[in-house]
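Peer 1: Below you will find the structure I want to go over with you.
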Amino acid sequence: MDLRAGDSWGMLACLCTVLWQVPAVPALNRTGDPGPGPSIQKTYDLTRYLEHQLRSLAGTYLNYLGPPFNEPDFNPPRLGVETLPKATVNLEVWRSLNDKLRLTQNYEAYSHLLCYLRGLNRQAATAELRRSLAHFCTSLQGLLGSIAGVMAALGYPLPQPLPGTEPTWAPGPAHSDFLQKMDDFWLLKELQTWLWRSAKDFNRLKKKMQPPATAVTLHLEARGF
Amino acid sequence: MAAPVPWACCAVLAAAAAVVYAQRHSPQETPHVQYERLGSDVTLPCGTASWDAAVTWRVNGTDLAPDLLNGSQLVLRSLDLGHSGLYACFHRDSWHLHHQILLHVGLPPREPVLSCRSNTYPKGFYCSWHLPTPTYIPNTFNVTVLHGSKVMVCEKDPAVKNRCHIRYMHLFSTVKYKVSISVSNALGHNATAITFDEFTIVKPDPPENVVARPVPSNPRRLEVTWQTPSTWPDPESFPLKFFLRYRPLILDQWQHVELSDGTAHTITDAYAGKEYIIQVAAKDNEIGTWSDWSVAAHATPWTEEPRHLTTEAQPPETTTSTTSSLAPPPTTKICDPGELGSGGAPSAPSFVSVPVTLALAAAAATASHLLI
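The listed protein sequences correspond, in order, to chains A and B.
Just so you know, we're using this note's numbering here: the first sequence kicks off at 94 and counts up by one.
Just so you know, we're using this note's numbering here: the second sequence kicks off at 1337 and counts up by one.
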């Protein structure tokens, strides 16, 4: 891991290129392939697990940032200066995403988010926070691998970064402590929202891959209904 | 030409006089509307009459006692709701109506109670409001919805009072929604606001059409079926999970089952012969809160028709055939305990195991009754 101090996310560009070169982890044994169903289910389960883990992590981290970040009514305007991948999407656009695009958007989002999280980890003041963040980063890496597995099973190529689109962040002229905390706040918020979105994304994929529910119908027929 | 002009002039003057007369004496004169606060004191002047004019006051046609008067003004103390009405003052001698006041006694509005909920996720959400205590006078409400800095339209519900609907344009937003409401009436003004994330207000309607049925030949089972609420627009992409609770009427303790999908469940540990009450609730798989409980379904598990020789109260259920132990005399038909008491409908082959000797006797006895 990179041990450089400093809080400019721009320095993460180097680190993040490393991520893109991680080969796709095939989550399935190709021979005797039961189809992408089980790995979609596994990915779905991972998003739920991560969402649960994030809840306690975010609570601890926001308390560490202190007020107003840990206040439940805190409702700052989104200045949009951060280059975080945004989960928000037009309803109709989201509905009509094809499988490849749906998976690609998820993969790209978590790649970026993982990168930023690792940056967060390096700045965290307490050992306990660093430990929790590191644990979360490992789990998030697992989710990425799982998504990569689904994409491989469906025959979709993993997204390769175009030059110049790596997650960089240009700090403002005087990047204050407060603005840094704002960025941290939005990172955690966006991560949480992405995990909710991914659960819905993978639900949709699961339903598409599922065979029709014949088992239930047969059960009912036997009872004379 | 000269003759009609003075004639026309007189007609106009007469008409004007008639109008003035009508305005002064017509019982249809528009009263002055006045709002006053409950518990306060008010002095009602008799229009433009001088303080020492001799007047009589009436409320809703009933005379008022002169001791309430201060000169020509009516003094009302410690207003209560009963004071609301049409007050009229008349010249005492001529009984000409001088002035009318329509008095409404009420209160300024307290802080309104506002709540928002999405039972149609991802289509949109609605907000409802009410006042915690009545004002007794008309109120107007004004609702504004902000998503970040963007103003959203809240469409009034055509059927339900004090409710409006917002359509989601974007999903998975990190920016909170802020709904503000202001209420005002003639006596005052109040306002409140709430802020929330898209996900926290998701709460489906309760499941519909909850039906519980006994299962033939199974004295400890109840089959429960229900439907996803019809207001939930997209159960495919936004699946619901369900929570079922049941108890016999005679007990207070509920049993709970959480079901991640499917709209049917079989209870297998019901007490034989006891009437059950069953309810189901729904929740989006990942976000929001549980719905209210559904309308309750009632059912009693299947019981055998009473036989001359009774068997144990809670025989354990088996699905193995025990035909060999129930082998009847060759002349009678094979006794299938499943056929007893269920009207002969074909049922799943799950035999209740009973003590063999009793069963043989019972089988022989009842088989002879069962000539279908």
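Built from N, CA and C at the ideal position, the CB exists for glycine as well.
May I ask which residues mark the beginning and end of the beta strand (DSSP E) holding residue 145 of chain A?
Peer 2: Numbered from 1 along the first sequence, position 52 holds the residue referred to as residue 145 of chain A. Residue 145 of chain A -> not in any beta strand (DSSP E); alpha helix (DSSP H) instead, spanning 130-158.
Peer 1: Taking residue 289 of chain A as part of the beta strand (DSSP E), name the residues at either end of that continuous run.
Peer 2: On the first sequence, residue 289 of chain A is found 196 positions in, with the first residue counted as 1. First-last for residue 289 of chain A: 270-302, but that is the alpha helix (DSSP H), not the beta strand (DSSP E).
Peer 1: So, residue 1528 of chain B versus residue 1622 of chain B, is the Cβ gap smaller than 7 Å?
Peer 2: As a first step, residue 1528 of chain B is located in the second sequence; it is residue number 192 there, counting from the start. As a first step, residue 1622 of chain B is located in the second sequence; it is residue number 286 there, counting from the start. Against a cut-off of 7 Å, the Cβ pair of residue 1622 of chain B and residue 1528 of chain B comes out as no contact.
Peer 1: Alpha carbon to alpha carbon, how far is residue 228 of chain A from residue 150 of chain A?
Peer 2: The residue labelled residue 228 of chain A in the question sits at position 135 within the first sequence. The residue labelled residue 150 of chain A in the question sits at position 57 within the first sequence. Spanning the two alpha carbons is a distance of roughly 10 Å.
Peer 1: Which ranges does the alpha helix (DSSP H) cover as unbroken runs of at least 4 residues, wholly within the region 1490-1555 of chain B, from first to last along the chain?
Peer 2: none
Peer 1: Would residue 168 of chain A count as contacting chain B if we go by Cβ distances under 7 Å?
Peer 2: Translated into the one-based positions of the first sequence, residue 168 of chain A becomes position 75. Yes, because at least one Cβ of chain B sits closer than 7 Å to the Cβ of residue 168 of chain A.
Peer 1: Spatial neighbours of residue 1507 of chain B within its chain, please: CB distance less than 6 Å, with the 5 preceding and 5 following residues excluded, ordered by chain position.
Peer 2: Indexing the second sequence from 1 puts residue 1507 of chain B at position 171. The residues are 1458.
Peer 1: Taking all protein chains shown into account, decide if residue 1500 of chain B is buried (16 or more other Cβ within 10 angstroms of its Cβ) or exposed.
Peer 2: As a first step, residue 1500 of chain B is located in the second sequence; it is residue number 164 there, counting from the start. So residue 1500 of chain B ends up on the buried side.
Peer 1: Whose Cβ in chain A lies nearer than 7 Å to the Cβ of residue 1511 of chain B?
Peer 2: By one-based count along the second sequence, residue 1511 of chain B stands at place 175. Within chain A, the residues near residue 1511 of chain B are 171.
Peer 1: Just confirm the distance between the C-beta atoms of residue 171 of chain A and residue 1510 of chain B, as a whole number of angstroms; I'd bet it's less than 8 Å.
Peer 2: Within the first sequence, the letter at position 78 stands for residue 171 of chain A. Within the second sequence, the letter at position 174 stands for residue 1510 of chain B. About 7 Å separates the two Cβ atoms, so the contact holds.
Peer 1: In this structure, how does DSSP classify residue 122 of chain A when only helix, strand and coil are distinguished?
Peer 2: Walking along the first sequence from the start, residue 122 of chain A turns up at place 29. Here the model assigns residue 122 of chain A a pLDDT of 45, short of 50, so the residue's position is not dependable, and the following value carries that caveat. Correct three-state label for residue 122 of chain A: coil.
Peer 1: Under 9 Å between beta-carbons, which chain B residues line up against residue 283 of chain A? List them in chain order, please.
Peer 2: Walking along the first sequence from the start, residue 283 of chain A turns up at place 190. Within 9 Å Cβ-Cβ: 1510.
Peer 1: Against residue 211 of chain A, what residues of chain B qualify as contacts under a CB-to-CB distance less than 7 Å, listed in chain order?
Peer 2: Looking up residue 211 of chain A in the first sequence gives position 118. None at all; the shortest Cβ gap to chain B is about 21 Å.
Peer 1: Give the list of continuous alpha helix (DSSP H) stretches no shorter than 4 residues that lie fully inside the region 167-244 of chain A.
Peer 2: Runs of the alpha helix (DSSP H) spanning 4 or more residues and lying entirely within the region 167-244 of chain A occur at 184-188, 192-216, in chain order.
Peer 1: Under 7 Å between the Cβ atoms of residue 1614 of chain B and residue 1538 of chain B?
Peer 2: Sequence index remark: in the second sequence, residue 1614 of chain B carries index 278 (1-based). Sequence index remark: in the second sequence, residue 1538 of chain B carries index 202 (1-based). No, the pair does not count as a contact, with Cβ atoms beyond the cut-off.
Peer 1: Closer than 8 Å, Cβ to Cβ, to anything on chain A: give me those residues from the region 1600-1624 of chain B, in chain order.
Peer 2: 1600, 1621, 1622, 1623
Peer 1: Apart from the five residues on each side of it in sequence, which residues of its chain come closer than 6 Å, Cβ to Cβ, to residue 1450 of chain B?
Peer 2: In the second sequence, residue 1450 of chain B corresponds to position 114, counting from 1. So the qualifying residues of the chain are 1465, 1517, 1528, 1530.
Peer 1: Measure the alpha-carbon distance for residue 1629 of chain B versus residue 1416 of chain B and round it to whole angstroms.
Peer 2: On the second sequence, residue 1629 of chain B is found 293 positions in, with the first residue counted as 1. On the second sequence, residue 1416 of chain B is found 80 positions in, with the first residue counted as 1. Distance between the alpha carbons of residue 1629 of chain B and residue 1416 of chain B is about 42 Å.
Peer 1: Taking any Cβ of chain A, which residues in the region 1497-1529 of chain B have a Cβ under 8 Å from it, in chain order?
Peer 2: 1504, 1505, 1506, 1507, 1508, 1509, 1510, 1511, 1512, 1514
Peer 1: Under the rule that 16 or more other beta-carbon atoms within 10 Å means buried, what is residue 155 of chain A, buried or exposed?
Peer 2: Your numbering for residue 155 of chain A matches position 62 in the first sequence. Result: buried.
Peer 1: Could you name the residues of the same chain whose beta carbon sits closer than 6 Å to that of residue 301 of chain A, not counting the 5 residues immediately before and after it, in chain order?
Peer 2: Here residue 301 of chain A refers to the residue found at position 208 of the first sequence. Closer than 6 Å at the Cβ level, and outside the excluded window around residue 301 of chain A, lies no residue.
Peer 1: Flag residue 1420 of chain B as yes if its beta-carbon sits less than 7 Å from any beta-carbon of chain A, otherwise no.
Peer 2: Stepping through the second sequence from its first residue, residue 1420 of chain B is reached at position 84. Answer no: the Cβ-Cβ gap between residue 1420 of chain B and chain A never drops below 7 Å.
Peer 1: Kindly indicate if chain A contains any beta-carbon less than 7 Å away from that of residue 1458 of chain B.
Peer 2: Counting from 1 along the second sequence, the entry for residue 1458 of chain B is found at position 122. Taking 7 Å as the threshold, the shortest C-beta distance from residue 1458 of chain B to chain A falls below it.
Peer 1: Does residue 286 of chain A get closer than 7 Å to chain B when you measure Cβ to Cβ?
Peer 2: Here residue 286 of chain A refers to the residue found at position 193 when the first sequence is read from its first residue. Interface residue, yes.
Peer 1: Am I right that residue 1520 of chain B and residue 1476 of chain B are in contact with their C-beta atoms under 8 Å? What's the rounded C-beta distance?
Peer 2: Translated into the one-based positions of the second sequence, residue 1520 of chain B becomes position 184. Translated into the one-based positions of the second sequence, residue 1476 of chain B becomes position 140. Their Cβ separation, rounded to whole angstroms, is 6 Å, which keeps residue 1520 of chain B and residue 1476 of chain B in contact under 8 Å.
Peer 1: Buried or exposed: residue 257 of chain A, going by 16 or more other Cβ atoms within 10 Å of its Cβ?
Peer 2: Against the first sequence, residue 257 of chain A aligns to sequence position 164. Only weak support is given to the placement of residue 257 of chain A: the predicted model assigns it a pLDDT of 49, under 50, and the value that follows is read from those uncertain coordinates. Residue 257 of chain A should be labelled exposed.
Peer 1: Does the pairing of the region 1487-1497 of chain B with the region 1564-1579 of chain B give three or more beta-carbon distances under 8 Å?
Peer 2: no
Peer 1: Just checking, does the region 1342-1349 of chain B make contact with the region 1415-1435 of chain B on the three C-beta pairs under 8 Å criterion?
Peer 2: no
Peer 1: Alpha carbon to alpha carbon, how far is residue 1460 of chain B from residue 1540 of chain B? Give it in angstroms, no decimals.
Peer 2: Reading the second sequence from its first residue, position 204 is the one you call residue 1540 of chain B. Reading the second sequence from its first residue, position 124 is the one you call residue 1460 of chain B. Rounded to whole angstroms, residue 1540 of chain B and residue 1460 of chain B show a C-alpha spacing of 12 Å.
Peer 1: On a CA-only basis, which of A/246, A/212, A/203, A/215 is nearest residue 232 of chain A? Give me that one, please.
Peer 2: The sequence position of residue 232 of chain A within the first sequence is 139, counting from 1. Ranking the options by Cα distance to residue 232 of chain A, first place goes to A/203.
Peer 1: Taking Cβ positions only, does residue 1451 of chain B come closer than 7 Å to chain A?
Peer 2: Position 115 of the second sequence, counting from 1, holds the residue named residue 1451 of chain B. Chain A, which has no Cβ nearer than 7 Å to the Cβ of residue 1451 of chain B, makes this no.
Peer 1: With H, G and I counted as helix, E and B as strand and the rest as coil, what does DSSP make of residue 1342 of chain B?
Peer 2: Walking along the second sequence from the start, residue 1342 of chain B turns up at place 6. In this structure, residue 1342 of chain B counts as helix in the three-state DSSP scheme.
Peer 1: Taking residue 1574 of chain B as the reference, which of A/188, A/226, A/249 has the closest Cα?
Peer 2: Stepping through the second sequence from its first residue, residue 1574 of chain B is reached at position 238. Among A/188, A/226, A/249, the Cα nearest to that of residue 1574 of chain B is on A/188.
Peer 1: Check whether the Cβ of residue 274 of chain A lies closer than 7 Å to any Cβ atom in chain B.
Peer 2: Residue 274 of chain A sits at position 181 when you count from the first residue of the first sequence. Residue 274 of chain A does not count as touching chain B.
Peer 1: Using a Cβ-Cβ cut-off of 6 Å (strictly less than) and excluding sequence neighbours within five positions of residue 163 of chain A, which residues of its own chain qualify?
Peer 2: As a position in the first sequence, residue 163 of chain A is number 70, starting the count at 1. Closer than 6 Å at the Cβ level, and outside the excluded window around residue 163 of chain A, lie 155, 156.
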